[in-house]
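Q: Sending over a structure as structure tokens; questions will come in a sec.
Numbering (the working numbering), first residue to last: 1 to 391.
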């Protein structure tokens, strides 16, 4: 019996080694990393805690932490049955609401705590765009109309010469990119698990007239990040630390997935941070680009970036919606990572978790419920932010 088991183990090991060899020879070596980080850990795709598995670069915080005080009504207004049901159904890990710059709701679920970092996924697209805007304001980049080939001369395709950085940020780039999170052989998986993201992006061409049609493509933001990296001549995470994390007074440092130990940030996804620091980003946007330490980015940019371009629900790396005849915008990541900003109500909503419901007109049903039910409760409640405790 022992010999049979041993032979079986040897045979299995041989098959695995053969599969690994075939994967490398055929150009699918990234699948080994993907399988290790997903299926062998019980997942079918990426997960909100996979920052523990990837190579990352630290986004350091500063010495001072900005106030994010609790309201006198902190966690005292009951969540509606509809909101509770949606939070549970979507396997929420954290839910936080700021009203008038004070925390009115803050809940953590499923072992997630106020010091747990989780993956922002595509909320990082908005962060990347904010950093590009900052580089423009600092005259490191000449403007949003800068041609992409100025920084990426290897870019190919019949319309490559026309592609601008704004096309990338507005998802009107016209790339030959199929957005699929569950196809292990697709370009999205290759980009996510590759050890060389720039080489992976060499496969992507500009095949349609830029600026003509909205098509959500993560590759667009990765190209944008590559442009930013070339312009900065230093790691993007370091720039994020200097221009966002430190001036915003973040509570904890964050991490950004990289393609290898000393490599390039995955700028279309994958900033790992705590919920309250996500809220601080929303608060900065709510205040037109300002924090208690001064201006971060131009308010005119936020105003323009949160207006529709080629789709009613998408601006310049921000998703757009309406609740109770009130306009809002959000940063959005797969599995339902949200920073939702409702300027008229002076509200910021942060939700992290494992599941989201499929989109209708760009916005998932769950994010609409989070927003609708929050506004239902807090338009009815007295929410003057009488501060009783500072955290």
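Positions of the beta carbon are idealized from the N, C-alpha and C atoms, including for glycine.
Whole-angstrom Cβ separation of residue 225 and residue 265, contact assumed at under 8 Å?
A: Contact holds; Cβ gap of about 6 Å.
Q: Grab the span of the alpha helix (DSSP H) containing residue 167 for me, first residue to last.
A: First-last of the alpha helix (DSSP H) with residue 167: 165–169.
Q: Between the Cα of residue 255 and those of 47, 46, 60, spot the shortest distance and give me the residue it belongs to.
A: The shortest Cα separation from residue 255 among 47, 46, 60 belongs to 60.
Q: Within 10 angstroms of its Cβ, does residue 106 collect 16 or more other Cβ (buried), or is it exposed?
A: It counts as buried.
Q: Using the Cα positions of residue 101 and residue 194, report the straight-line distance between them to the nearest angstrom.
A: Roughly 40 Å between the two C-alpha positions.
Q: Going by the beta-carbon positions, is the gap between residue 186 and residue 180 smaller than 8 Å?
A: Result yes, Cβ atoms of residue 186 and residue 180 sit closer than 8 Å.
Q: What did DSSP end up calling residue 247 once you bin it into helix, strand or coil?
A: If DSSP states are grouped into helix, strand and coil, residue 247 belongs with coil.
Q: Assuming residue 172 and residue 309 make a contact with CB atoms under 8 Å, what is their CB distance in whole Å?
A: The Cβ separation is near 7 Å, so the contact holds.
Q: For residue 83 and residue 231, what's the separation of their Cα atoms in angstroms?
A: Residue 83 and residue 231: Cα-Cα distance of roughly 44 Å.
Q: Tell me the DSSP secondary structure of residue 343 in three-state form.
A: Of the three classes helix, strand and coil, the one that applies to residue 343 here is helix, per DSSP.
Q: In whole angstroms, what is the alpha-carbon distance linking residue 280 and residue 250?
A: One C-alpha to the other measures close to 7 Å.
Q: Given this structure, state the Cα-to-Cα distance separating residue 376 from residue 123, to the nearest angstrom.
A: Using only the alpha carbons, I get a separation of about 25 Å.
Q: For residue 16, does the three-state DSSP call read helix, strand or coil?
A: Because residue 16 carries a pLDDT of 42, less than 50, the predicted location of this residue cannot be relied on, and the following value inherits that uncertainty. Residue state, collapsed to three classes: helix.
Q: Between which residues of its own chain and residue 213 is the CB-CB distance below 8 Å, once the five residues before and five after are set aside?
A: Hits under 8 Å: 172, 174, 310.
Q: Run through the DSSP bridge pairs and tell me what residue 327 is partnered with.
A: In DSSP, residue 327 forms a bridge with 322.
Q: Taking Cβ to Cβ, would you say residue 350 is nearer than 8 Å to residue 94?
A: Their beta carbons are under 8 Å apart, which means residue 350 touches residue 94 by this criterion.
Q: How many Å lie between residue 253 and residue 202 at the Cα?
A: Using only the alpha carbons, I get a separation of about 32 Å.
Q: Go ahead and pull the three-state DSSP assignment for residue 146.
A: Three-state result, residue 146: coil.
Q: Would you say the region 105–119 touches the region 150–159, given that touching needs at least three Cβ pairs under 8 Å?
A: No, the region 105–119 is not in contact with the region 150–159.
Q: Confirm, please, whether the CB-CB distance from residue 154 to residue 217 is below 8 Å.
A: No, the pair does not count as a contact, with Cβ atoms beyond the cut-off.
Q: Jot down the residue ranges of each uninterrupted beta strand (DSSP E) in the region 261–303, minimum 3 residues, whole runs only, in chain order.
A: Qualifying beta strand (DSSP E) stretches, in chain order: 271–273.
Q: Do residue 79 and residue 276 have their CB atoms nearer than 8 Å?
A: No, the Cβ-Cβ distance between residue 79 and residue 276 is not below 8 Å.
Q: To which residues does DSSP link residue 97 through a beta bridge?
A: Its beta-bridge partners are 105, 349.
Q: Ignore the nearest five residues each way along the sequence and tell me which others in residue 75's own chain have a CB closer than 7 Å to its CB.
A: Answer for residue 75: 105, 106, listed in chain order.
Q: Among 358, 338, 267, which residue has its Cα nearest to the Cα of residue 370?
A: Ranking the options by Cα distance to residue 370, first place goes to 338.
Q: How would you call residue 325, buried or exposed, if buried means at least 16 neighbouring beta carbons within 10 angstroms?
A: Result: exposed.
Q: Taking just the CA atoms, how far does residue 317 sit from residue 134?
A: Whole-angstrom Cα-Cα distance: 15 Å.
Q: Within the continuous beta strand (DSSP E) that includes residue 254, where are the two ends?
A: From DSSP, the beta strand (DSSP E) with residue 254 extends over 254–257.
Q: What is the residue span of the beta strand (DSSP E) that residue 56 lies within?
A: Run containing residue 56: 56–59, per the beta strand (DSSP E) assignment.
Q: Need the endpoints of the alpha helix (DSSP H) that residue 220 sits in, please.
A: 218–232 is the span of the alpha helix (DSSP H), which, as asked, contains residue 220.
Q: Mind checking residue 183: buried by the 16 CB within 10 Å criterion, or exposed?
A: Burial call: exposed.
Q: Can you list, in chain order, the residues of its chain whose CB lies under 8 Å from that of residue 149, leaving out five sequence neighbours each side?
A: Correct list, in chain order: 155, 160, 161, 163.
Q: Mind checking residue 221: buried by the 16 CB within 10 Å criterion, or exposed?
A: Counting Cβ neighbours within 10 Å, residue 221 comes out buried, since at least 16 surround it.
Q: In or out: residue 233 buried (at least 16 other Cβ within 10 Å) or exposed?
A: Residue 233 should be labelled exposed.
Q: Quick check: the Cα distance between residue 286 and residue 127, rounded to an integer number of angstroms?
A: If you take the alpha carbons of residue 286 and residue 127, they lie about 15 Å apart.
Q: Quick test of your reading: residue 55 and residue 261, contact by CB under 8 Å. State the CB separation rounded to the nearest angstrom.
A: Between residue 261 and residue 55 the Cβ distance is about 5 Å, and since that is below 8 Å, they are a contact.
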